[in-house]
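Undergrad: Residue numbers (this note's numbering), protein chains in the order written: chain R, 1 to 293; chain G, 1 to 293. Glycine residues also receive a C-beta, built at the ideal position from the N, C-alpha and C atoms. Nothing here was measured: the structure is a model prediction, and the numbers come from that model. Next up is a structure, given as structure tokens.
Protein chains: 2
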Amino acid sequence: MHDADIDLRQLRCLVAIVDEGTFTDAAIALGLSQAAVSRTLASLERALGVRLLRRTSREVTPTATGLRVLAQARRVLADVSELVREATSGHERVRIGYAWSALGRHTVAFQRRWTAAHPGTDLHLVRVNSPSAGLAEGACDLSVVRRPLGDRRFDTAIVGLERRLCALAADDPLARRRSVRLADLTGRTLFIDRRTGTATPELWPPDIRPAVEETHDVDDWLTVIAAGRGIGVTAESTANQYPRPGIVYRPVRDAEPVAVRLAWWRGDPHPAHQAVLELLTDLYRTGRAAGEG
Amino acid sequence: MHDADIDLRQLRCLVAIVDEGTFTDAAIALGLSQAAVSRTLASLERALGVRLLRRTSREVTPTATGLRVLAQARRVLADVSELVREATSGHERVRIGYAWSALGRHTVAFQRRWTAAHPGTDLHLVRVNSPSAGLAEGACDLSVVRRPLGDRRFDTAIVGLERRLCALAADDPLARRRSVRLADLTGRTLFIDRRTGTATPELWPPDIRPAVEETHDVDDWLTVIAAGRGIGVTAESTANQYPRPGIVYRPVRDAEPVAVRLAWWRGDPHPAHQAVLELLTDLYRTGRAAGEG
DNA sequence: GATATCTATACGCTGAGCGTATGCATGACG
DNA sequence: CGTCATGCATACGCTCAGCGTATAGATATC
């Protein structure tokens, strides 16, 4: 009943039988004996515990479940072919994983400048829930993160530093200033949202550390702040990702900047590694003047 | 180099090594010896002709292509699991293939009435290029077609008859009538579009059979007719699929109606077969009053 | 430099999977 | 209605792919 007893051989056999119309012709197409085809399909049916093909003496027709399995079998085989092509083709491609909160507003400029500078290699920006998982699963070649991954398998390099912004209700007295300091926020409640990685209370000196409440998601976070129930602090790219009427963002002058890092598998530089590193660094250095709008 | 030398065993092995971090741990996870894991991965690399993993003495990291192959391998294995689930779950589902020209405007009413009458079984309407190919490939369980498939593997049943409509330029004198007859079209050029299955000249008695021109696609067809260069004839459902300013459709009173059929694999009734047959029949019998808008 | 850890290779063995041969069911045909 | 042709299933023996055990080689750690 476990997957383990399924085999590509069996799937190829099923497909061939349906395509050729008979076990005998499938055997010829597969370069096998008719007996082998018969046994192989029987083993597949036994493994799945379902009859897949109805054999009449003159022709063979798939059962209802056989038809569903057939479609899925084709999908599997197509994926295998794609895997082989992926492995053997020299086509250049780089897939960069990112969480919303990290790459933020630079996604557009990044893609535009990349295709301008490196028309030969495709750039894929793939959204991942966890950057380390994205690398570990092979979903991306490089990954944009904030904190160094706590995983010895990966290396990271800083590509930029960003200011911290304080999220305030639009009618907050502080909203009239161009920037604030940590001390200005004494006595406020700090809302944090771990999923998007907003700043933690460790930013503050211990004596003026604010009270903390957690929110369930970004929308919660934005709502409570817009309602004036407290403040939030977040990195610049993240803030730009979540504009909202009723909320203004102001730089926190004395909060230490937060890093943006590129992460990759240790000791295995992707061909485009250096180019990505340089472009990202430049992107965060030149900030929003880089080529937006 | 051919797909044939790839094996699910090898893919499971690759995934386990990356997930576990070492060959040794992967062996434990797979219930194999370390030697077996080493050989299996080596055989995969040999089959693909590419190095997938870089072995250092302390840890193992995927190469650039290894990472891509890894992602694809996960996809293959996920599809296999899906295949097993598909085969063993008793979840009721019926997938109906259709070409635009056949099911036409009834798609919405069909889905609405189905879910109302049979909430237990999912209905999937899948667009197929060729209804017979859709059945043969397992992409759908039942298929809506016009002509009986010229394939002994499939059976068809008529679910309805539809009027033929004549497509005319809006400023055509005939457009002022509520309906036309074949004889009214004498001397016109008949445009046909084989891809959408518009009516052929056999509709006419031999003595008044019109001149014929073929178009490349539906858009062509609509354009030349709107321009007044000739006329077209098509089934009612098809016509409703392609409304266009500048074109009016009028019933052809003496043209024999065209059938709509349901097709399926011979001798293997899908559980929902009868229900689909009845609903479709009813849909085409009651026409547009069925439940639209 | 000794040690621990991990991968690669050698060797012998077992069983999955193959082909050949044959039995059985069924539609075709006279 | 009997014979034949066609096509799937099963039996039997064989071969080699893939396994485990054992061991050598490589490298970080102490």
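Distance cutoff 9 Å, beta carbons only. Does Trp204/R sit that close to anything in chain G?
TA: No, Trp204/R lies away from the interface with chain G (no Cβ there is under 9 Å from its Cβ).
Undergrad: Taking only the alpha-carbon atoms, compute the straight-line gap between Ile225/G and Ser130/G and give it to the nearest angstrom.
TA: Their Cα atoms are separated by approximately 26 Å.
Undergrad: Using only CA atoms, which one of Asp155/G, Arg147/G, Ala169/G and Asp172/G lies nearest to Leu302/G?
TA: There is simply no residue 302/G to check, as chain G begins at 1 and stops at 293 in what is shown.
Undergrad: Go ahead and pull the three-state DSSP assignment for Tyr242/G.
TA: Of the three classes helix, strand and coil, the one that applies to Tyr242/G here is coil, per DSSP.
Undergrad: Return no unless some Cβ of chain R is closer than 9 Å to the Cβ of Ile6/G.
TA: Yes, because at least one Cβ of chain R sits closer than 9 Å to the Cβ of Ile6/G.
Undergrad: Any C-beta of chain R within less than 7 Å: which residues of the region 249-270 of chain G qualify?
TA: Of all residues in the region 249-270 of chain G, Trp265, Arg266, Gly267, Asp268 and His270 have a Cβ within less than 7 Å of some Cβ in chain R.
Undergrad: Checking the sheet assignment: what are the DSSP bridge partners for Val160/R?
TA: Correcting the residue identity first, residue 160/R is Gly in this sequence and not Val. Paired residues: Val260/R.
Undergrad: Given that Val18/G touches chain R, what residues does it touch there, using C-beta distances under 8 Å?
TA: Within 8 Å Cβ-Cβ: Ala136 and Gly138.
Undergrad: Count the other CB atoms within 10 Å of the CB of Glu278/R; is the residue buried (16 or more) or exposed (fewer)?
TA: It is exposed - the Cβ of Glu278/R has fewer than 16 other Cβ atoms within 10 Å.
Undergrad: The region 68-94 of chain G: which residues have C-beta closer than 8 Å to a C-beta of chain R, in chain order?
TA: Residues Arg68, Val69, Leu70, Ala71, Gln72, Ala73, Arg74, Arg75, Val76, Leu77, Asp79, Val80, Ser81, Glu82, Leu83, Val84, Glu86, Ala87, Thr88 and Arg93.
Undergrad: Please go through the same chain and pick out, in chain order, the residues whose beta-carbon is closer than 8 Å to the beta-carbon of Ile247/R, but skip the five residues on each side of it.
TA: Excluding residues within five positions, the ones whose Cβ falls inside 8 Å are Ala167, Leu168, Ala169, Ala170, Leu222, Ile225 and Ala226.
Undergrad: Grab me the residues of Arg153/R's own chain with a C-beta within less than 7 Å of its C-beta, minus the 5 sequence neighbours each way, in chain order.
TA: Closer than 7 Å at Cβ, skipping near neighbours: Trp265 and Arg266.
Undergrad: With distances taken from CA atoms, which of Ala16/R, Val50/R and Gly49/R is nearest Gln34/R?
TA: Residue Ala16/R is the option with its Cα nearest to Gln34/R.
Undergrad: Is the beta carbon of Ile231/G sitting closer than 9 Å to the one on Asp172/G?
TA: Yes, these two residues count as a Cβ contact at 9 Å.
Undergrad: Checking the sheet assignment: what are the DSSP bridge partners for Val128/G?
TA: None; Val128/G has no bridge partner.
Undergrad: Which residues in chain R sit within 8 Å of Gly21/G, going by Cβ to Cβ distance?
TA: Residues of chain R passing the Cβ test: Arg153.
Undergrad: Can you tell me the Cβ-Cβ gap for Thr63/R and Asp268/G, rounded? I've got them flagged as a contact below 8 Å.
TA: Thr63/R to Asp268/G, Cβ: 6 Å. Contact.
Undergrad: Would you mind stating whether Leu53/G and Val18/G have Cβ atoms separated by less than 9 Å?
TA: It is a contact, given that the beta carbons lie within the stated cut-off.
Undergrad: Excluding the 5 residues preceding and the 5 following Arg307/G in the sequence, name in chain order all residues of the same chain whose CB lies nearer than 8 Å to its CB.
TA: Since the first and last residues shown for chain G are 1 and 293, residue 307/G lies out of range.
Undergrad: Got a sec: which bits of the region 177-207 of chain R sit with their beta carbon under 9 Å from any beta carbon on chain G, in order along the chain?
TA: Cβ contacts with chain G come from no residue of the region 177-207 of chain R.
Undergrad: Thinking C-alpha only, which one of Asp217/G, Val252/G, Val218/G and Leu280/G is nearest Arg164/G?
TA: Minimum Cα distance to Arg164/G is reached at Val252/G.
Undergrad: Could you tell me which residues DSSP puts in a beta bridge with Trp265/R?
TA: Trp265/R pairs with Phe154/R.
Undergrad: Taking Ile28/R as part of the alpha helix (DSSP H), name the residues at either end of that continuous run.
TA: Residues Phe23 to Leu30.
Undergrad: Assuming Ala36/R contacts Ile6/R (C-beta within less than 8 Å), just tell me the rounded distance between them.
TA: Going by Cβ atoms, the distance from Ala36/R to Ile6/R rounds to 17 Å, so no, they are not a contact pair.
Undergrad: Residues of chain G with CB closer than 9 Å to the CB of Val233/R, please, in chain order.
TA: Result: empty, since nearest Cβ-Cβ is about 35 Å, beyond 9 Å.
Undergrad: Counting only beta-carbon separations shorter than 9 Å, does Pro62/R have a partner in chain G?
TA: Yes, contact with chain G.
Undergrad: Taking 8 Å as the limit between beta carbons, can you name the residues of its chain near Val41/R, skipping five residues before and five after?
TA: Correcting the residue identity first, residue 41/R is Leu in this sequence and not Val. Closer than 8 Å at Cβ, skipping near neighbours: Gln10, Cys13, Leu14, Ile17, Phe23, Leu52 and Leu53.
Undergrad: The beta strand (DSSP E) with Thr61/G in it runs from where to where?
TA: It spans Val60 to Pro62 - the beta strand (DSSP E) in which Thr61/G sits, taken as one unbroken run.
Undergrad: Can you tell me whether DSSP reads Pro119/R as helix, strand or coil?
TA: Of the three classes helix, strand and coil, the one that applies to Pro119/R here is coil, per DSSP.
Undergrad: To which residues of the same chain is Arg127/G closer than 8 Å at the C-beta, ignoring the five residues directly before and after it?
TA: Here the set comprises Gly97, Tyr98, Ala99 and Trp100.
Undergrad: Mind checking whether Arg121/G and Pro271/G have CB atoms under 9 Å apart?
TA: The sequence as given places Thr at residue 121/G; Arg does not occur at that position. Yes, these two residues count as a Cβ contact at 9 Å.
Undergrad: I'd like to know whether the C-beta of Arg54/G is nearer than 9 Å to at least one C-beta of chain R.
TA: Yes, contact with chain R.
Undergrad: Kindly indicate which residue of Pro210/G, Asp207/G, Ala211/G and Phe191/G has the alpha-carbon position closest to the one of Asp219/G.
TA: Checking every option, the nearest Cα to that of Asp219/G belongs to Phe191/G.
Undergrad: Rounded to whole angstroms, what's the CA-CA distance from Thr61/G to Val50/G? Just pull it up for me.
TA: Whole-angstrom Cα-Cα distance: 14 Å.
Undergrad: Buried or exposed for Ser89/R, please, with buried defined as at least 16 other CB atoms from any protein chain shown within 10 angstroms of its CB.
TA: Answer is exposed; the Cβ neighbour count stays below 16.
Undergrad: Does the CB of Gly97/R have a neighbour CB from chain G at under 9 Å?
TA: Answer no: the Cβ-Cβ gap between Gly97/R and chain G never drops below 9 Å.
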